[in-house]
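Number of protein chains: 2
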Amino acid sequence: MAVASIQQVLDGKVAVGETVTVQGWVRTRRDSKAGLSFINLSDGSGFAPIQIVAPALLANYESEVKRLSAGCAVRATGAVAASEGQGQAYELQAETIEVVGWVEDPETYPIQPKAHSLEFLREVAHLRPRTNLFGAVSRIRHCMAQAIHRFFHEQGFYWINTPIISTSDAEGAGQMFRISTLDMMNLPRTAKGEVDFSKDFFGKEAFLTVSGQLNVEAYCLALSKVYTFGPTFRAENSHTTRHLAEFWMIEPEIAFADLNDDAALAEAFLKYIFKAVLDERMDDLTFLAERVEKTAISKLEAFINAPFERIEYGDAITLLQKSGQKFDYPVEWGLDLQTEHERWLTEQHVGRPVVVANYPEHIKAFYMRLNDDGRTVAAMDVLAPGIGEIIGGSQREERLDVLDARMRQFGLDPAHYQWYRDFRRYGSVPHAGFGLGFERLVVYVCGLQNIRDAIPYPRAPGLATF
Amino acid sequence: MAVASIQQVLDGKVAVGETVTVQGWVRTRRDSKAGLSFINLSDGSGFAPIQIVAPALLANYESEVKRLSAGCAVRATGAVAASEGQGQAYELQAETIEVVGWVEDPETYPIQPKAHSLEFLREVAHLRPRTNLFGAVSRIRHCMAQAIHRFFHEQGFYWINTPIISTSDAEGAGQMFRISTLDMMNLPRTAKGEVDFSKDFFGKEAFLTVSGQLNVEAYCLALSKVYTFGPTFRAENSHTTRHLAEFWMIEPEIAFADLNDDAALAEAFLKYIFKAVLDERMDDLTFLAERVEKTAISKLEAFINAPFERIEYGDAITLLQKSGQKFDYPVEWGLDLQTEHERWLTEQHVGRPVVVANYPEHIKAFYMRLNDDGRTVAAMDVLAPGIGEIIGGSQREERLDVLDARMRQFGLDPAHYQWYRDFRRYGSVPHAGFGLGFERLVVYVCGLQNIRDAIPYPRAPGLATF
Numbered sequence: 001m002a003v004a005s006i007q008q009v010l011d012g013k014v015a016v017g018e019t020v021t022v023q024g025w026v027r028t029r030r031d032s033k034a035g036l037s038f039i040n041l042s043d044g045s046g047f048a049p050i051q052i053v054a055p056a057l058l059a060n061y062e063s064e065v066k067r068l069s070a071g072c073a074v075r076a077t078g079a080v081a082a083s084e085g086q087g088q089a090y091e092l093q094a095e096t097i098e099v100v101g102w103v104e105d106p107e108t109y110p111i112q113p114k115a116h117s118l119e120f121l122r123e124v125a126h127l128r129p130r131t132n133l134f135g136a137v138s139r140i141r142h143c144m145a146q147a148i149h150r151f152f153h154e155q156g157f158y159w160i161n162t163p164i165i166s167t168s169d170a171e172g173a174g175q176m177f178r179i180s181t182l183d184m185m186n187l188p189r190t191a192k193g194e195v196d197f198s199k200d201f202f203g204k205e206a207f208l209t210v211s212g213q214l215n216v217e218a219y220c221l222a223l224s225k226v227y228t229f230g231p232t233f234r235a236e237n238s239h240t241t242r243h244l245a246e247f248w249m250i251e252p253e254i255a256f257a258d259l260n261d262d263a264a265l266a267e268a269f270l271k272y273i274f275k276a277v278l279d280e281r282m283d284d285l286t287f288l289a290e291r292v293e294k295t296a297i298s299k300l301e302a303f304i305n306a307p308f309e310r311i312e313y314g315d316a317i318t319l320l321q322k323s324g325q326k327f328d329y330p331v332e333w334g335l336d337l338q339t340e341h342e343r344w345l346t347e348q349h350v351g352r353p354v355v356v357a358n359y360p361e362h363i364k365a366f367y368m369r370l371n372d373d374g375r376t377v378a379a380m381d382v383l384a385p386g387i388g389e390i391i392g393g394s395q396r397e398e399r400l401d402v403l404d405a406r407m408r409q410f411g412l413d414p415a416h417y418q419w420y421r422d423f424r425r426y427g428s429v430p431h432a433g434f435g436l437g438f439e440r441l442v443v444y445v446c447g448l449q450n451i452r453d454a455i456p457y458p459r460a461p462g463l464a465t466f
Numbered sequence: 467m468a469v470a471s472i473q474q475v476l477d478g479k480v481a482v483g484e485t486v487t488v489q490g491w492v493r494t495r496r497d498s499k500a501g502l503s504f505i506n507l508s509d510g511s512g513f514a515p516i517q518i519v520a521p522a523l524l525a526n527y528e529s530e531v532k533r534l535s536a537g538c539a540v541r542a543t544g545a546v547a548a549s550e551g552q553g554q555a556y557e558l559q560a561e562t563i564e565v566v567g568w569v570e571d572p573e574t575y576p577i578q579p580k581a582h583s584l585e586f587l588r589e590v591a592h593l594r595p596r597t598n599l600f601g602a603v604s605r606i607r608h609c610m611a612q613a614i615h616r617f618f619h620e621q622g623f624y625w626i627n628t629p630i631i632s633t634s635d636a637e638g639a640g641q642m643f644r645i646s647t648l649d650m651m652n653l654p655r656t657a658k659g660e661v662d663f664s665k666d667f668f669g670k671e672a673f674l675t676v677s678g679q680l681n682v683e684a685y686c687l688a689l690s691k692v693y694t695f696g697p698t699f700r701a702e703n704s705h706t707t708r709h710l711a712e713f714w715m716i717e718p719e720i721a722f723a724d725l726n727d728d729a730a731l732a733e734a735f736l737k738y739i740f741k742a743v744l745d746e747r748m749d750d751l752t753f754l755a756e757r758v759e760k761t762a763i764s765k766l767e768a769f770i771n772a773p774f775e776r777i778e779y780g781d782a783i784t785l786l787q788k789s790g791q792k793f794d795y796p797v798e799w800g801l802d803l804q805t806e807h808e809r810w811l812t813e814q815h816v817g818r819p820v821v822v823a824n825y826p827e828h829i830k831a832f833y834m835r836l837n838d839d840g841r842t843v844a845a846m847d848v849l850a851p852g853i854g855e856i857i858g859g860s861q862r863e864e865r866l867d868v869l870d871a872r873m874r875q876f877g878l879d880p881a882h883y884q885w886y887r888d889f890r891r892y893g894s895v896p897h898a899g900f901g902l903g904f905e906r907l908v909v910y911v912c913g914l915q916n917i918r919d920a921i922p923y924p925r926a927p928g929l930a931t932f
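In order, the protein sequence lines correspond to chains A and B. Residues in the first sequence are numbered from 1 upward in steps of one, following the working numbering. Residues in the second sequence are numbered from 467 upward in steps of one, following the working numbering.
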């Protein structure tokens, strides 16, 4: 007997009248007075469940079918039929229904066929993939990840998996997690009484990476177009709804390129990803637009149709100062933009995504290229309506003498960055790149409020990723 | 002026006679007696460099072009011409050559146009992407990663990024790295004098994951077909050429599936990946076949054309015992197979890939499904000529009572696995999956000996991933 996914049947890929087997988990069961039951069955292959029509003449109708409850696993075989009801075009007229797995104590099964609060679902994270919402988020997350790899591949980029365990402790991008195999109860000590990390697994202090960017430059300056897509870690004690200790970052890096090339890449990238979600996951987006965020679809459509605006940081400051808007944080040349400023720029002033370029040098990282004015660097942020900053990037400082001066200015010792300096000694070229958080992009697309709802396992029993 | 990648020009995507700009790094320069120079330029877009013909009448011919050495960055503009020499079909007749980046002290530049030992290149890992070998390995690694995502996507799987930071310390798959933000010089203590992990970042002990499998089952039992592709970590102090502390694993998991389905998926998967490399990276494979491993191409061709053999573990033991072969390790029912046994089976006995199935229960993990004989579990290993075991998988134990008994047998407390037990309480179904190391697959495809040559950064200054 041929097995098909429920999505295949609902897509009409099995002819009406043909016998097929579908397998999945019961969402609901409804018994009609006419002596038959309707079972909504989901296998996660798409948003919609399929309706199984179970006639009373099934051998196990009274003994099993009428006991089916949410979460039971079922294998149903029967003919595909045009559906007379609303909703789906096809249904399955069951000839056999095999119960593969029951639900122990249906009354206490956490995933009932009703709306659950997101707080509750975070507590049963191992079961939340079975809900409509987290099924939709999972499929959209997958769609976005695939589109990310496909976009770069089509553009001639190579994927590089930069190291996650790092012994470089001075990248300055945030608080780091230490990794160690030392026995915490019996730490080896040096003669001076300090912890003797030469006895640790890597022979020195080791941490989880905060960014793959510096590493990936080695590949950019050999393969020209590269990107990372992998996990990064920040040990910042900010338990907000916007921060994760563990998150995936996307960091493309392009050679023979300046800040304009970087901004153009960022625009093409975001539009490609959002278009893929619109093309491939309209089922899930429709649900999100109905239940989570009304603009889930229209927001993406507007995004891919709008050309990005470009504004100089200095002009952005002037615009904000003249806006007549009251802000909580001060607006002044030399200060970083806060989310309220970013959102005014992109939502109120421009009404579409904005690239803000050329920030004051002292508020940006040492590796960003110093502009000729000596007081700004070739940095950019992409701001989008509804979220604010979504991408940060820069042209990198390719001049060794300027890089060394910038490192010293930031209190970094160039001798610790000899390998990074080498890229400027040997065939240095203008290059640029940007970085963005994958989960933040998922939050934006799905219209979620809490970034813990964008990751597969926020607080599973025995696990922690928050 | 249109910019093209070198691969585009060599592929004939720019018409002969058309003017184009290419950008990259000099591999070699040869001055002819006729008063012109030939520069081989690489941008990493493919294996082959392009030949730039630089006539003496270029304004900077004497002052710059004749000083170009390996590693210099160059932007060359000129007309595409049919090449008269051997090798490439096209070359570039330079009208201008702009030197973008010089090499400081060409005499000491580590990447000279000659063969370097792999040991030496591991010491200059940040520059080794500029060699023929590591360019080829990087492009093949990318091709394989893309093919992995594409294969699963085409088959209806969803990618799940399972947690990397784990507070579950009993998975039993290997030694774990601890992660912590506690101050090692001033560890907080409990009243009993033990380290007080309630003060640590996650409020309890946390580790780097050794596998995403247990977590991904939650998604398998909701979305039916899922896979992970992400980093995992083992703190085993085996500094061999085959082990990494940090490596990427691929772990698909399928619902309503048994060990036969699992083996069929493994076969389809490997063949798809290898076919993608043959289809897309013949340039790099040809180089590897010439310089690294003679069978780099024929090995993959044989692999994708051979149907996998299937052998029961018990039969494999009998075959090995009757082989007349002398082995270093004993062969006996109940003992695990060693690499020498695996290689005899796949290379000598069958001559193609083999799936060995149904291993003794006491040498396999607690979550593998107990067979009806009570002494074997539904586990499988895929063995391939030239490497031995390349994939390990199993059908998972879906019966709660059997799972609990197995956990107790292995000294694990079922109470610690309440979330994992839930999958067996609520709509449990037969399911199966496998896992394999990405770098090990890269090593196999590229014909490398040391797994440190399959990762981007083995021992970069200031970095460690070994």
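Ideal Cβ positions, reconstructed from N, Cα and C, are used throughout, including at glycine.
Closer than 8 Å to the CB of residue 578(B) there is not a single CB belonging to chain A. Beta-bridge analysis with DSSP links residue 557(B) to 547(B). With a beta-carbon spacing of about 13 Å, residue 787(B) and residue 795(B) fall beyond the 8 Å limit used to define contacts.
By the C-beta criterion, the segment 726-742 of chain B is judged not to be in contact with the segment 588-605 of chain B, since fewer than 3 inter-stretch pairs fall below 8 Å.
Taking residue 681(B) as the centre and dropping the five residues before and after it, the same chain places the C-beta of 628, 629 closer than 7 Å to its C-beta, in chain order.
If you check the CB distance, residue 698(B) and residue 722(B) do not come in under 8 Å. Distance from the CA atom of residue 183(A) to the CA atom of residue 443(A), rounded to whole angstroms, is 39 Å. Nearest to residue 728(B) by alpha-carbon distance, out of 487(B), 667(B), 834(B), is 834(B). Scanning its chain for C-beta atoms nearer than 7 Å, with the 5 sequence neighbours on each side dropped, one finds around residue 402(A) the residues 370, in chain order. For residue 564(B), the secondary structure class from DSSP, reduced to helix, strand or coil, is strand. Residue-level contact check: residue 162(A) touches chain B, since one or more beta carbons of chain B fall below 8 Å from its beta carbon. Any Cβ of chain A closer than 8 Å to the Cβ of residue 712(B) would place that residue at the interface, and such an atom is present. Against chain A, a Cβ distance below 9 Å from residue 538(B) picks out 426, 427. Counting other Cβ atoms within 10 Å of its Cβ, residue 228(A) reaches 16 or more and is therefore classed as buried. Collapsing the DSSP output to three states places residue 846(B) in a strand.
With respect to the 8 Å criterion, residue 661(B) and residue 674(B) are not classified as neighbours on the basis of their beta carbons. When 7 Å is used as the limit between beta carbons, residue 139(A) is near these residues of chain B: 624, in chain order.
For residue 165(A), the pairing in a beta bridge is given by DSSP as 208(A).
In this structure, DSSP gives residue 621(B) a state outside helix and strand, which the three-state scheme calls coil. Taking 7 Å as the upper bound on Cβ-Cβ separation, chain A lies near residues 509, 510, 511 of the segment 504-518 of chain B. Of all residues in the segment 116-130 of chain A, those with a C-beta nearer than 9 Å to a C-beta of chain B are 124, 125, 126, 127, 128, 129, 130, reading in chain order.
DSSP, reduced to helix, strand and coil, places residue 810(B) within a helical segment of the structure shown. Nearest Cα to residue 210(A) within the set 140(A), 230(A), 446(A): 230(A). DSSP places residue 572(B) within a helical segment (H, G or I) once states are collapsed to three.
Nearest to residue 287(A) by alpha-carbon distance, out of 18(A), 49(A), 8(A), 26(A), is 49(A). Among the residues facing chain A, residue 489(B) is included, as its CB has a counterpart in that chain under 8 Å away.
In the three-state reduction of the DSSP assignment, residue 841(B) falls in the coil class, being assigned neither a helical nor a strand state. Residue 823(B) has 778(B), 846(B) as its beta-bridge partners, per DSSP. Interface annotation, residue 196(A): not in contact with chain B, CB-CB separation never under 8 Å. Per DSSP, residue 25(A) is one residue of the beta strand (DSSP E) stretching across 19-31. The beta-carbon distance between residue 167(A) and residue 644(B), rounded to whole angstroms, is 16 Å. This is too long to meet the 8 Å contact definition. Residue pairing from DSSP places residue 661(B) in a beta bridge opposite 655(B). Annotation for residue 227(A): the continuous beta strand (DSSP E) segment containing it runs 225-233.
In terms of beta-carbon proximity, residue 75(A) lines the interface with chain B, with at least one pair separated by less than 8 Å. Within the segment 362-450 of chain A, the complete beta strand (DSSP E) runs of at least 3 residues fall at 376-384, 388-395, 431-437. Where residue 472(B) is concerned, there is no enclosing beta strand (DSSP E), although the alpha helix (DSSP H) around it starts and stops at 472-476.
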